[in-house]
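Just so you know, the sequences run in chain order A and B.
One point on numbering: in this note's numbering, the residue at position 301 of the first sequence is 788, and numbering is uninterrupted.
One point on numbering: in this note's numbering, the residue at position 248 of the second sequence is 381, and numbering is uninterrupted.
We put the CB at the ideal spot given by N, CA and C, even for glycine.
The model shown is predicted, which means the values in this text are computed figures rather than measured ones.
Read through the structure below, which is laid out as structure tokens, and then see the notes.
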Amino acid sequence: MVVSFEGCTRIGLAVAIGIATLSNVTVYAQEKRAIKIGLMLPYKGVYALPTESIDRGFQLALEEFGNKANGHPVEIVRADDELTPNVGVQKFNKFVQSDKVDLVAGVVGSNVGIAISELADKNKMPMVFVNAFADEITGKFCSPYIARTSFSANAFEYASGKYWASKGIKTAVTMGPDYSAGRAFIGGFRRGFEDNGGKVIEELWTPFQKTKDYSAALTQAANSGAQIIYAFYAGAEAIQVVKQHADFGLRSKIPLIGDHWVYDEALWPALGDLALNAQHVATHYPGIQSEANEKFVKAYAARYKQTPDVSAELGYDNGKAIMLTLESLGGQMPEDRTKFISTMRDLTFDAPRGKIKFNAQNSALLEKVYVIEIVKGPDGTLQRKSLDEFPGAGDLPGCTKSF
Amino acid sequence: MQIFLIQLLNGVQLSMLVFLLAVGLTLIFGLMNILNLAHGAFFTMGAYFGLVVANKTGSFWLALLIGPLLPFVAGMLLQFFVLQPLAQRGRSTHLDLALLTFGLLFATAGAVEYIYGSAFHSIGTPDLLKGRVALLGIEFPLYRLFIIAVGIAIAAALVLVIDRTLVGATLRAGVDNREMVTALGININVLFALVFGFGSALAGFAGIVSAPIMSIYSNMGIGIVVTTFVVVVVGGLGNLKGSFYAALIVGVTDTLAQAYLPEAELFAIYAMLIAVMIFRPQGLFGAAGRVA
Numbered sequence: 488m489v490v491s492f493e494g495c496t497r498i499g500l501a502v503a504i505g506i507a508t509l510s511n512v513t514v515y516a517q518e519k520r521a522i523k524i525g526l527m528l529p530y531k532g533v534y535a536l537p538t539e540s541i542d543r544g545f546q547l548a549l550e551e552f553g554n555k556a557n558g559h560p561v562e563i564v565r566a567d568d569e570l571t572p573n574v575g576v577q578k579f580n581k582f583v584q585s586d587k588v589d590l591v592a593g594v595v596g597s598n599v600g601i602a603i604s605e606l607a608d609k610n611k612m613p614m615v616f617v618n619a620f621a622d623e624i625t626g627k628f629c630s631p632y633i634a635r636t637s638f639s640a641n642a643f644e645y646a647s648g649k650y651w652a653s654k655g656i657k658t659a660v661t662m663g664p665d666y667s668a669g670r671a672f673i674g675g676f677r678r679g680f681e682d683n684g685g686k687v688i689e690e691l692w693t694p695f696q697k698t699k700d701y702s703a704a705l706t707q708a709a710n711s712g713a714q715i716i717y718a719f720y721a722g723a724e725a726i727q728v729v730k731q732h733a734d735f736g737l738r739s740k741i742p743l744i745g746d747h748w749v750y751d752e753a754l755w756p757a758l759g760d761l762a763l764n765a766q767h768v769a770t771h772y773p774g775i776q777s778e779a780n781e782k783f784v785k786a787y788a789a790r791y792k793q794t795p796d797v798s799a800e801l802g803y804d805n806g807k808a809i810m811l812t813l814e815s816l817g818g819q820m821p822e823d824r825t826k827f828i829s830t831m832r833d834l835t836f837d838a839p840r841g842k843i844k845f846n847a848q849n850s851a852l853l854e855k856v857y858v859i860e861i862v863k864g865p866d867g868t869l870q871r872k873s874l875d876e877f878p879g880a881g882d883l884p885g886c887t888k889s890f
Numbered sequence: 134m135q136i137f138l139i140q141l142l143n144g145v146q147l148s149m150l151v152f153l154l155a156v157g158l159t160l161i162f163g164l165m166n167i168l169n170l171a172h173g174a175f176f177t178m179g180a181y182f183g184l185v186v187a188n189k190t191g192s193f194w195l196a197l198l199i200g201p202l203l204p205f206v207a208g209m210l211l212q213f214f215v216l217q218p219l220a221q222r223g224r225s226t227h228l229d230l231a232l233l234t235f236g237l238l239f240a241t242a243g244a245v246e247y248i249y250g251s252a253f254h255s256i257g258t259p260d261l262l263k264g265r266v267a268l269l270g271i272e273f274p275l276y277r278l279f280i281i282a283v284g285i286a287i288a289a290a291l292v293l294v295i296d297r298t299l300v301g302a303t304l305r306a307g308v309d310n311r312e313m314v315t316a317l318g319i320n321i322n323v324l325f326a327l328v329f330g331f332g333s334a335l336a337g338f339a340g341i342v343s344a345p346i347m348s349i350y351s352n353m354g355i356g357i358v359v360t361t362f363v364v365v366v367v368g369g370l371g372n373l374k375g376s377f378y379a380a381l382i383v384g385v386t387d388t389l390a391q392a393y394l395p396e397a398e399l400f401a402i403y404a405m406l407i408a409v410m411i412f413r414p415q416g417l418f419g420a421a422g423r424v425a
């Protein structure tokens with residue numbers, strides 16, 4: 488009997504295909520399809536420090552789940568939005584078209600956030616914001632494809648204004664950088680403060696990332712007769728304001744009260760003793776006594792050899808909300824991606840900062856705001872001490888869609 | 134009225150800082166016709182080197198003394214080995230040099246971020262100048278008065294050197310007639326490198342002087358370049374005394390706008406710049422034919 492050469496190849500081919508198919512099946516069984524998360528953050532420039540913390544917190548949350556959701560591996564693809572809307576748009580398109588991610592996380596700047604929210608809606612791509620605090624993100628620009636795991640500017644600052652008004656502060660001067668986030672934060676404070684009997688005597692605005700010398704604004708504030716200066720600044724600007732405020736001897740005359748960005752831990756080395764005894768409001772500090780927080784602080788310290796700051800916690804919340812959502816969806820991105828966001832909206836979980844719940848516009852609510860004083864610990868290092876706490880406020884209305 | 138006077142004082146203090154930056158730039162421009170956008174890089178370099186010295190020795194004064202040496206050397210090398218050869222090859226139009234130095238400005242910021250990270254630093258106010266003086270019903274920080282004094286002292290010293298010494302005479306001659314100076318046997322390349330280094334050192338000096346009230350970080354030099362250029366143009370390119378007066382005008386305008394008309398602060402200076410460019414393109418103090 489002669490077996491033709493042709494026959495041989497045919498059999499060989501069939502066997503080869505068979506094996507290939509078989510092995511494919513086994514590979515599929517072991518290694519489920521990976522979920523790709525596009526993580527967009529301003530890795531370089533003025534927000535480089537908080538960004539590093541966010542990225543670390545985010546990774547820590549994923550590692551807590553072994554980087555797997557129901558057996559599906561979860562991968563991170565990173566991109567730098569440079570805090571610039573058009574760069575963010577470009578990177579978002581790259582995520583969608585060439586990286587083919589399943590969802591996008593991150594984004595610090597509200598300016599980038601606003602630019603991206605419309606794109607996410609158009610591309611039907613779930614976007615889970617880590618910061619982007621501007622009220623419009625889940626207000627005017629709300630979408631069934633958009634969620635935010637932190638909080639809105641109003642939730643934080645309205646509650647803060649209300650708190651200080653209730654503490655016998657009757658008059659305040661506000662200072663802030665003249666751009667969207669500055670306006671949103673200071674505006675929130677003013678509403679909360681004035682709705683509860685306080686009066687903002689003067690609003691002082693300084694050009695964003697431009698003014699190097701705040702003496703003019705500080706002199707105006709010192710002579711306004713107000714009881715406190717309430718400020719929103721971050722990074723280099725925060726250091727300059729706090730230092731120059733002290734230079735003019737205003738610490739006893741008209742204290743500078745702000746939030747956790749004005750007195751950010753990352754600025755303590757530059758501020759030195761000026762941070763000592765400063766009071767500020769914060770959404771998280773390492774000493775919160777709860778199981779979720781103690782576990783988080785311990786894991787973070789073990790992994791990165793430092794205590795987590797506010798940004799690390801926000802990054803952790805972002806990663807954790809995504810992982811919990813993926814788990815409850817069986818580790819797969821549903822065909823209708825609005826289902827991903829609506830599943831997240833229904834989540835409730837214990838975050839280090841407190842319980843996280845979402846409102847109808849997919850914006851996480853702020854369960855607690857902490858009033859902190861920076862004190863010297865027994866070992867001589869600066870530490871945070873909680874003086875008081877109060878609940879966060881609701882979000883501003885503005886979302887006209889229903890989902 | 135008292136507050137207004139204090140604001141004026143604040144303005145003068147800001148002016149002196151701006152002057153320290155502008156004077157180096159205007160000398161370089163007046164003498165070598167180089168549009169040096171990398172000036173902010175030397176500001177950053179001086180501040181960081183000062184920071185290193187201050188951290189090592191704990192002394193602000195040593196930082197102030199040694200810090201400017203790095204930008205001095207870097208500026209000299211840049212002029213001698215990069216800008217000078219370019220000029221000889223005819224590649225030194227304003228656009229060429231603007232692009233080159235603009236790149237250098239960002240490269241320096243990137244390099245600093247790579248080496249030191251993006252953390253913020255600061256040099257403490259020296260003990261001697263920590264206090265405050267009661268002035269017009271407000272406590273004015275002593276250190277800010279020190280800045281004003283330093284600015285005036287440097288301005289006076291420069292005027293003396295340029296008007297009254299041989300080096301100054303050579304410089305002025307170099308500006309007016311380069312070929313003649315060379316023909317008289319003066320090595321103009323070395324002179325240029327020295328002046329470039331000196332201008333850069335002044336920028337670095339400004340970086341250290343401003344450190345106790347501001348902060349040191351990788352991008353600190355980028356924003357400051359624009360204000361400095363406004364001063365140089367308003368004062369007349371290459372005009373030393375002009376840049377002193379222009380610094381006063383710009384600093385005081387900026388401060389008063391911030392105090393009384395915050396909405397106008399961003400464009401107050403630029404509106405002035407545009408007016409100057411239209412009506413006196415040689416600068417407010419740019420008396421023709423008398424530069425540096």
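Item, Value
"Cα-Cα separation between asparagine 372/B and leucine 147/B, rounded to whole angstroms", "20 Å"
"Those residues which DSSP pairs with valine 856/A across a bridge", "Phe877/A"
"Span of the beta strand (DSSP E) around tyrosine 717/A", "715–718"
"is_contact[histidine 172/B, chain A] using C-beta, thresh 7 Å", "no"
"Nearest-angstrom beta carbon gap, isoleucine 809/A and isoleucine 715/A [assumed within contact, 8 Å]", "Not really, about 39 Å apart at Cβ, beyond 8 Å."
"Proximity below 7 Å, CB of proline 537/A to CB of phenylalanine 890/A", "no"
"From Asn764/A, Leu737/A, Ile741/A, residue whose alpha carbon lies closest to that of tyrosine 750/A", "Asn764/A"
"Burial state of glutamine 776/A (16 or more Cβ within 10 Å)", "exposed"
"7 Å Cβ cutoff, proline 795/A in contact with chain B", "no"
"Chain D within 7 Å of methionine 405/B, Cβ atoms only", "The structure shown has no chain D; the protein chains it does contain are A and B."
"As assigned by DSSP and simplified to three states, the class of lysine 863/A", "strand"
"Closer than 7 Å at the beta carbon, the chain A residues around tyrosine 350/B", "Ala723"
"Bounding residues of the beta strand (DSSP E) (the contiguous stretch that carries histidine 747/A)", "Note, histidine 747/A: premise wrong, no beta strand (DSSP E); not H, not E."
"Proximity of serine 604/A and isoleucine 563/A at Cβ, strictly below 7 Å", "no"
"Glutamate 551/A to proline 795/A span [Cα, whole Å]", "16 Å"
"Asparagine 618/A at chain B interface by Cβ criterion, 7 Å", "no"
"Span of the alpha helix (DSSP H) around glycine 199/B", "Per the sequence shown, the amino acid found at residue 199/B is isoleucine instead of glycine. Start and end: 193–199."
"Distance, glycine 802/A Cα to asparagine 511/A Cα", "The predicted model places asparagine 511/A with a pLDDT of 48, which falls under 50 and marks its position as unreliable; any figure quoted below should be read in that light. For asparagine 511/A and glycine 802/A, the distance between alpha carbons rounds to 37 Å."
"Closest by C-alpha distance to aspartate 260/B, when choosing among Ile355/B, Thr226/B, Tyr276/B, Gly369/B", "Tyr276/B"
"Glycine 140/B: contacting residues in chain A (beta-carbon distance under 7 Å)", "Note that residue 140/B is glutamine in the sequence shown here, rather than glycine. Here the neighbours are Ala703, Thr706."
"7 Å Cβ cutoff, aspartate 882/A in contact with chain B", "no"
"Under 8 Å from the C-beta of tyrosine 249/B: neighbouring residues of chain A", "Those within 8 Å of tyrosine 249/B in chain A number zero; the least Cβ separation is about 12 Å."
"Amino acids of chain A, ordered along the chain, whose beta-carbon sits closer than 9 Å to that of proline 259/B", "The contacting residues do not exist; proline 259/B stays about 13 Å from chain A at best."
"C-alpha distance - glutamine 140/B paired with isoleucine 271/B, whole-angstrom precision", "11 Å"
"Nearest-angstrom Cβ-Cβ length linking threonine 361/B and leucine 160/B, presumed shorter than 8 Å", "Contact flag wrong, Cβ pair sits at about 13 Å."
"Separation of asparagine 573/A from glycine 525/A, as counted between CA atoms", "17 Å"
"C-alpha gap between leucine 164/B and alanine 709/A, whole angstroms", "45 Å"
"Aspartate 823/A, buried or exposed, once every other Cβ within 10 Å from all chains shown has been counted against 16", "exposed"
"Three-state class that DSSP yields for serine 255/B in the structure shown", "coil"
"Interface flag, arginine 265/B vs chain A, CB-CB below 7 Å", "yes"
"Chain A contact residues for tyrosine 181/B, given Cβ-Cβ distances below 8 Å", "None at all; the shortest Cβ gap to chain A is about 13 Å."
"Closer than 7 Å to chain B by CB, lysine 699/A", "yes"
"Unbroken beta strand (DSSP E) run spanning proline 664/A, endpoints", "658–664"
"Test: glutamate 272/B CB closer than 7 Å to a CB of chain A", "yes"
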